[in-house]
Structure formats: structure tokens, C-alpha cells
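The block underneath contains the structure these notes are about, expressed in C-alpha cells.
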Amino acid sequence: MKGLFDFTEVATYFFRKKDPNRKTNFNLRTMHTINKISMLMFLCGFIYLVLRWLS
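Just so it is clear: in the sequence shown, position 10 is 173 by the numbering used here, and no numbers are missing.
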């Protein structure tokens with residue numbers, strides 16, 4: 164149950180250092196950008212719903 168609420172992977176996803184040994188290409192960069200945008204949109208929507216529920 165403890166691992167269910169472990170959000171360290173999500174929190175560190177935005178602040179990772181780039182690995183100089185890893186090759187990157189356009190598709191990989193695009194995928195990570197879309198993932199970051201979708202996580203931010205989800206968090207904004209979730210915060211909006213919580214604030215609307217509280218008021």
C-alpha cells in the first residue's frame with residue numbers, strides 16, 4: 164500500500180539531468196515533451212476540481 168502513493172518518480176521526472184551518454188532523437192524529445200504537458204494539464208485539472216469541491 165505504501166508504494167501506491169509514492170510520487171517520487173513523477174516529481175523527479177521534471178528535474179532530471181540529461182544523460183550525455185544517451186543518444187536522443189526528435190521522436191524521444193517529442194514524447195517526453197508531450198508527457199510533461201499532459202502531466203501538468205492533469206495536475207491543473209485535479210487542483211481545479213479540488214478547489215471547486217472545497218468552496
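Built from N, CA and C at the ideal position, the CB exists for glycine as well.
- About 15 Å separates the Cβ atoms of F170 and K199, ruling out a contact at the 8 Å cut-off.
- DSSP, read as helix, strand or coil, puts K180 in coil.
- Rounded to whole angstroms, the gap between the alpha carbons of A174 and L206 is 12 Å.
- A direct Cα-Cα distance of roughly 11 Å separates I210 from L203.
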